[in-house]
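Enquirer: One structure coming up, written as structure tokens, with questions to follow.
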Amino acid sequence: MANALIEATLEKVAVSDSDFDQRCFERFFQMSEEGKSLMDHMDLVHRGKMMAEIYRLLLADKLEDEADYLNWEAKNHETAYFVPKHLYAILMRAFQELVADTLGSAWSGAESDAFSARCNQIAHEIQSRYSE
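See the structure below:
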């Protein structure tokens, strides 16, 4: 049920805001100067790939099935790019807040609950795989 709700919500966002992905990064950079300094140089292709992974994780039936990717994400970003694990929660909060802002009064309590649960789960799953 939650996945269907998340999928339907993302479809509404896509119809409402063709620049959502770019605005998501802008929101994240506003929320985290540290995140901005690490990622501001990234090109649109790289940012698009990141957003595609976020969407894929949001829509996954079970995050447990994504363990290989989540392990890679944590290890790669911790050791190769020195991304602090707390930035994942900020990025997911930026994503969720922007969804709410984009939908405005059409954003329901059920959608908020579904997004909050899944965004928190994604951030937690990645953070828990860091070595520190």
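The opening position of the sequence shown corresponds to residue 9 in our numbering, with each subsequent residue numbered one higher. Note that the Cβ used here is the ideal one computed from N, Cα and C, for glycine as well.
1. For Tyr63 and Ala88, I'd like the C-alpha separation in whole angstroms.
2. If I measure Cβ to Cβ from Gln135 and keep anything under 8 Å in the same chain, skipping five residues before and after, which residues do I get?
3. Can the beta-carbon of Ala122 be found closer than 9 Å to that of Ala10?
4. Pick out whichever of Ala125, Glu140, Ser139, Leu13 has its Cα sitting closest to the Cα of Leu71.
5. Are Leu13 and Ala118 close, meaning C-beta to C-beta below 9 Å?
6. Secondary structure at Glu140, three-state DSSP: helix, strand or coil?
7. Please confirm whether Arg55 and Phe33 have their CB atoms less than 9 Å apart.
8. Give a yes or no on whether the C-beta atoms belonging to Met100 and Asn128 are separated by under 9 Å.
9. Just reading off the alpha helix (DSSP H) that Trp80 is part of, what are its end residues?
10. Touching or not, the segment 45 to 54 and the segment 102 to 110, by the rule of three or more beta carbon pairs under 8 Å?
11. Beta-carbon separation of Leu111 and Ser26 under 9 Å?
12. Skipping 5 residues on each side, what residues in its chain have a beta carbon closer than 7 Å to that of Glu41?
13. On a CA-only basis, which of Leu66, Val53, Met39 is nearest Ile130? Give me that one, please.
Expert: Result, derived from the coordinates:
1. Those two C-alpha atoms are separated by around 23 Å.
2. Only Ala82, Lys93, His94, Tyr96, Ala97 meet the Cβ criterion.
3. Their beta carbons are under 9 Å apart, which means Ala122 touches Ala10 by this criterion.
4. For the residues Ala125, Glu140, Ser139, Leu13, the minimum Cα distance to Leu71 belongs to Ala125.
5. Ala118 sits close to Leu13, with the two beta carbons spaced by under 9 Å.
6. In the structure shown, Glu140 sits in coil (DSSP, three-state: anything other than H, G, I, E or B).
7. The answer is yes: Cβ separation under 9 Å.
8. Yes, they are a contact pair.
9. The continuous alpha helix (DSSP H) containing Trp80 extends over residues 75 to 87.
10. They do not touch, by the three-pair rule.
11. In terms of Cβ geometry, Leu111 and Ser26 do not form a close pair [threshold 9 Å].
12. In the same chain as Glu41, and ignoring 5 residues on each side of it, no C-beta atom comes closer than 7 Å to its own.
13. Nearest C-alpha to Ile130: Leu66.
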